[in-house]
Each structure stands twice: as structure tokens, then as C-alpha cells.
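Report on one structure; see the data block that follows.
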Amino acid sequence: MRLVGDHVSLRTLRVLVCALALAGCEEDIQVGRGVPPAAGGGATTPTPPPDVTPTAPAAAPDAGVGLSYRDDDFVEAETNRDPFRSFAEIFVTRPTREPVQREVVMPRTAIDDMRLIAIVSGMANPSAMLVDTDGTGHTVHRGDYLGRPEVVQTGGEDAVPITLNWRVDRIRPGEVVLTREDPTAPNRPPLTRVLPLHSESAEATL
């Protein structure tokens, strides 16, 4: 009877050992979805976020010592220009006088180079014959402009050049009288110049 009991005890011992072995293996079995346990079998401790230390605002640069001004600093000069002054008036285009458009007899011949060779009188509108430096004759009447123009400057700040020509004022026996207005002296009588009949020519007064 002791042998049978011993045999049962050994069988029971083996069953217990196998049960313990199976119980130890079941601890490593994970059922369902999840994160595998960390090494060591303990729960995973969340890592705390790094400490963020607030950054202090940057200090403003040193402005230095305050500037001081004198009354002379506000006086305009070549090295101290007023930033609010306008120079637009410097670039304003000043009006210019249009050149007088008129017909001029012998516009390239000076008065001193002209020769009076003939005069036709005895009519309401007398005429005269003048010769230029090339020997070409030109007929003129009272009121005609002739000769090379002369440029004069009028006075004043807005002075502009003015072109002037001599004008036939009168045709008389033996001479032609020329006149020209003087823009520099408008209240004075006009300038006068006389062209005499050329004495060496064969032409005479008709």
C-alpha cells in the first residue's frame, strides 16, 4: 500500500510542477492590442517636457548723451540746408519772346555794305534801288525792313534777346531815311540813319 501512495504522490508533484511552469509562462503572454511592456516589467513613466525658461527681452542700446542745439544751428547755409525749403521756382521755365516773323530785304547784308544806286520818285509810293555785296540790286519801298538783324538785350531780370531790323521810313530825292525803335528807351525818338545816293554811279534820280 505504501508503494501505491508514493506513486500517487509523485504524480501529484509532477502535476503541480507543470501547473507552476504554465503559470509562469502565462505572465509573458499578452492578449489584445497594445504597446509591449518595457524591459524590466514595470510601467512606462512618461518623460516630462523640457523646462522652457522665458527669455528676457534684449536691453535697448544706450542712446548716449542727449544732443543740444543752438540758434545758429537753425540758420540756413551752404552746409546747413533747410529740408523744408522748396527749390521748384529755380526750375520754372521763363517765358521767352517769339522771334518776329517778317520779310526782310537783304537779311545777310549789313547796312554799311549797301549802296543806293537809284531812286524813283514823283509817285505816291516812291522806290529805291539798293545793291548788296554781290552786286545784286534790290528794290525797296517805304515800310520795308532791310539788312542783317541786330540783337540787343533788354534790361530787367527777365531780359531776353530781341532781334531788330532797320526800316525804310522815307524815300527822298538823293537819300533814303531808315529808322529803328530802341527797346531799351521806348520813350525816346527812334534811331535814324541816312543812306545817300551813290555819287560814283552813273544812275541818277529819275
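The opening residue of the sequence shown carries number 1 in the UniProt record's numbering; numbering runs sequentially from there.
All residues carry an ideal CB built from backbone N, CA and C; glycine is no exception.
Since the model is a prediction, treat every value here as computed from it, not as a measurement.
If you compare the alpha carbons of 114, 172, 121, 134 with that of residue 146, the shortest gap goes to 114.
In this structure, DSSP gives residue 169 an extended state, which the three-state scheme calls strand.
Of the other Cβ atoms in all chains shown, 16 or more fall within 10 Å of the Cβ of residue 168; this residue is therefore buried.
The beta carbon of residue 188 is closer than 7 angstroms to those of 182 in its chain, skipping five residues each way along the sequence. Non-local beta-carbon contacts of residue 138 in its own chain, meaning distances under 6 angstroms to residues more than five positions away in sequence, involve 105, 106, 130 in chain order. Just so you know, the alpha carbons of residue 112 and residue 184 end up roughly 23 angstroms apart. The three-state reading of DSSP puts residue 67 in coil, since its state is none of H, G, I, E or B. For residue 139, the uninterrupted beta strand (DSSP E) segment begins and ends at 137 to 141.
Following the DSSP letters along the chain, one finds residue 147 inside the beta strand (DSSP E) bounded by residues 145 to 153. Around the Cβ of residue 144, a 10 Å sphere holds 16 or more other Cβ atoms; the residue is buried. The alpha-carbon separation between residue 150 and residue 175 amounts to approximately 23 angstroms.
A straight line joining the alpha-carbon of residue 72 with that of residue 86 spans about 21 angstroms.
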